[in-house]
Amino acid sequence: MTLLPATAVLQYLSAGAAALLVYVVYAVAYNLYLHPLAKFPGPLLAGATTYWKAYTECIANRSFCHFLVDLHAQYGQVVRIGPNELHFANPKAYHDIYNNKNRWDKEATLYRSFNEDRSSFGYLTYAEAKNRKDVLNKSFSLAAIESSEGLLVSKVKELCAAIEKRSKEAKSVDLFYAFRCMSVDVITTFCFGKSIHAVDEPDFKAPIVVALEAATPLLSAQINELTDDPEKLKLLPHNMTIYHRLMDPDAHRGKQIPSAGSLYEEAQALMFGGTDTVGNTLMVGAFHLLRHPDKMAKLKVELSAAWPSLEENEPTVRDLERLPYLSAVIKEALRMSSGVTSGLLRIVPKTGATIAGHEVPPQTIVSCGSTFVHFNADIFPGPNGFLPERWLDESADLDKWLVAFSRGPRMCLGINLAWAELRLGFGYVFRKFDLEPQGQL
Numbered sequence: 075m076t077l078l079p080a081t082a083v084l085q086y087l088s089a090g091a092a093a094l095l096v097y098v099v100y101a102v103a104y105n106l107y108l109h110p111l112a113k114f115p116g117p118l119l120a121g122a123t124t125y126w127k128a129y130t131e132c133i134a135n136r137s138f139c140h141f142l143v144d145l146h147a148q149y150g151q152v153v154r155i156g157p158n159e160l161h162f163a164n165p166k167a168y169h170d171i172y173n174n175k176n177r178w179d180k181e182a183t184l185y186r187s188f189n190e191d192r193s194s195f196g197y198l199t200y201a202e203a204k205n206r207k208d209v210l211n212k213s214f215s216l217a218a219i220e221s222s223e224g225l226l227v228s229k230v231k232e233l234c235a236a237i238e239k240r241s242k243e244a245k246s247v248d249l250f251y252a253f254r255c256m257s258v259d260v261i262t263t264f265c266f267g268k269s270i271h272a273v274d275e276p277d278f279k280a281p282i283v284v285a286l287e288a289a290t291p292l293l294s295a296q297i298n299e300l301t302d303d304p305e306k307l308k309l310l311p312h313n314m315t316i317y318h319r320l321m322d323p324d325a326h327r328g329k330q331i332p333s334a335g336s337l338y339e340e341a342q343a344l345m346f347g348g349t350d351t352v353g354n355t356l357m358v359g360a361f362h363l364l365r366h367p368d369k370m371a372k373l374k375v376e377l378s379a380a381w382p383s384l385e386e387n388e389p390t391v392r393d394l395e396r397l398p399y400l401s402a403v404i405k406e407a408l409r410m411s412s413g414v415t416s417g418l419l420r421i422v423p424k425t426g427a428t429i430a431g432h433e434v435p436p437q438t439i440v441s442c443g444s445t446f447v448h449f450n451a452d453i454f455p456g457p458n459g460f461l462p463e464r465w466l467d468e469s470a471d472l473d474k475w476l477v478a479f480s481r482g483p484r485m486c487l488g489i490n491l492a493w494a495e496l497r498l499g500f501g502y503v504f505r506k507f508d509l510e511p512q513g514q515l
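Taking the numbering used here, the leading residue of the sequence shown gets 75, the next gets one more, and so forth.
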């Protein structure tokens with residue numbers, strides 16, 4: 075074997091370093107001065123390199139959602155936050171990006187980081203996601219939720235029983251964990267036909283709630299069992315689980331069921347998405363009701379009128395749906411918790427797009443975070459205040475600005491289930507218990 079002289083090695087390394095330097099200088103210069111997005115305002119480093127965003131979150135340790143507020147205050151309604159990425163603060167942009175007419179792809183780098191590429195959430199293209207959602211829509215329809223109402227009520231009652239038990243023991247309840255335990259039990263029973271019984275764990279510190287990664291072996295084992303022997307589907311407590319739909323060849327256009335890996339990714343997406351949004355909304359709503367006893371009293375009066383005796387005539391989801399102040403409390407809790415607060419990245423199609431009055435070039439990555447809609451003072455005066463009453467004014471037409479479940483063809487698949495959980499959760503807990511904060515809020 076012939077070895078190169080040290081001087082030759084140094085020459086090759088020097089040439090490589092010089093070529094790399096030239097490329098970096100060219101790429102930075104192009105991004106800053108020649109790129110189609112060069113005209114949009116934003117931090118200089120953001121326009122120069124994608125690594126600026128990673129530095130901000132991982133090294134500078136700043137929440138990017140909060141940092142965006144400062145950026146928009148400095149640069150205006152649209153900010154360039156990457157060489158090929160724009161973020162919009164104008165609420166109108168939300169509906170321009172996420173609407174039923176748009177078939178825009180999701181951005182690959184972000185969505186592949188969830189390891190759920192083969193799920194209704196993770197599919198990048200509209201066509202792939204639509205095929206999967208067409209199969210699952212039946213399981214999450216209003217009719218399916220109504221037929222499974224007894225299951226949902228039983229899980230809420232289990233939460234109430236656990237709270238009552240702690241009350242008799244003179245123990246406090248951490249609502250952050252309690253509500254998440256309930257939502258985990260609902261999701262696992264409704265979607266997978268197998269309850270985790272998280273609400274029975276001491277202090278509501280169920281391993282699956284403390285670290286949702288604990289769900290991995292449970293989901294994987296169940297899926298392997300069902301794919302090895304589909305006859306075991308008949309042993310599940312109801313026939314509207316996601317497995318009944320996804321493992322039915324007739325539900326798919328190509329008559330081919332998903333792989334075990336795809337089933338796992340779908341289950342994981344539903345587990346994580348379903349647990350956090352509902353649990354967080356219940357917790358945020360309870361927190362603000364406890365801080366505002368007058369509003370909690372108003373809610374309890376309405377619930378007591380609809381459910382006079384706790385011993386009989388339990389309200390249905392439809393009964394609770396008719397209660398205006400309960401609905402207002404839920405909407406305000408959804409607004410303040412906001413669902414997914416980071417931008418849901420989309421790719422502008424080849425035709426380009428007009429977003430909030432700005433002409434945006436093709437293939438640009440765009441987003442508008444839900445908090446920029448929910449905390450916009452023009453739409454929601456006093457946005458940092460908890461004001462359920464704002465939702466009682468029908469003339470305000472605020473519902474179109476409630477985007478906690480996103481909008482458009484890629485909006486949350488489980489929105490009907492979430493609303494049922496929220497109505498039952500708030501309705502049962504605040505009718506059955508007189509909650510008081512432990513210490514100052």
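Note that the Cβ used here is the ideal one computed from N, Cα and C, for glycine as well.
Helix, strand or coil: which one does DSSP assign to residue i?
| i | result |
| --- | --- |
| S441 | strand |
| L225 | helix |
| D179 | strand |
| H271 | coil |
| I171 | helix |
| I331 | coil |
| I404 | helix |
| A197 | According to the sequence provided, residue 197 is Tyr. The question's Ala does not apply to it. Correct three-state label for Y197: coil. |
| H362 | helix |
| R186 | helix |
| A478 | coil |
| H326 | coil |
| A244 | coil |
| L461 | coil |
| M485 | coil |
| G513 | coil |
| T351 | helix |
| M321 | coil |
| D471 | coil |
| S383 | coil |
| R409 | helix |
| E388 | coil |
Between the options, which has its C-alpha nearest residue i's C-alpha?
| i | options | result |
| --- | --- | --- |
| V153 | P115, T123, N164 and C139 | P115 |
| H312 | K180, L249, G224 and A379 | G224 |
| E340 | Y129, A478 and S193 | S193 |
| L419 | N176, H161, S88 and G90 | H161 |
| K207 | E495, F507, G482 and L509 | G482 |
| W475 | L94, K127, E159 and A167 | A167 |
| F264 | L344, Y125 and Y129 | L344 |
| I331 | I439, S222, L400 and L210 | L210 |
| I237 | T349, Q514, G499 and G513 | G499 |
| T199 | L509, L111, V422 and D277 | V422 |
| K212 | N490, R464 and E406 | N490 |
| E275 | S294, L226, A252 and S257 | A252 |
| V260 | H366, H318 and T351 | T351 |
| F346 | G488, T445 and Y125 | G488 |
| C486 | R392, V414 and L397 | V414 |
| G220 | P436, Q512 and M314 | The sequence shown places Glu at residue 220, not Gly. Among P436, Q512 and M314, the Cα nearest to that of E220 is on M314. |
| S378 | S187, D393, R365 and C255 | D393 |
| I453 | Q514, N164 and A217 | N164 |
| F446 | T81, D277, A122 and H146 | H146 |
| F250 | N174, L515 and V358 | V358 |
| E406 | L461, H271 and G90 | L461 |
Based on the DSSP output, what are the partners of residue i in its beta bridges?
| i | result |
| --- | --- |
| F162 | V152 |
| A427 | V434 |
| I421 | D179 and I439 |
Starting from residue i, trace the alpha helix (DSSP H) both ways and give me its first and last residue.
| i | result |
| --- | --- |
| M314 | That residue, M314, is in no alpha helix (DSSP H); it is neither H nor E in DSSP. |
| S416 | Premise fails: S416 is in no alpha helix (DSSP H) and is neither H nor E. |
| A492 | I489 to K506 |
| N205 | Y200 to L210 |
| V283 | P281 to V284 |
| E376 | P367 to A380 |
| P291 | A289 to D302 |
| M256 | L249 to F266 |
| D452 | Looking at the DSSP string, D452 is not in any alpha helix (DSSP H), and its letter there is neither H nor E. |
| D393 | V391 to E395 |
Kindly say whether residue i, judged by its beta-carbon, lies nearer than 8 Å to any beta-carbon of chain C.
| i | result |
| --- | --- |
| K180 | This model lacks chain C altogether, as it is built from one protein chain only. |
Could you check if residue i belongs to the surroundings of the ligand PLP, using beta carbon to heavy atom distance under 7 Å?
| i | result |
| --- | --- |
| T351 | The ligand content of the structure shown is nil, which means the ligand PLP is not present either. |
Could you pull out every unbroken alpha helix (DSSP H) segment of at least 4 residues lying fully inside the stretch 95-160, listed in chain order? Runs of the alpha helix (DSSP H) inside the stretch 95-160: 118-122, 125-128 and 138-149.
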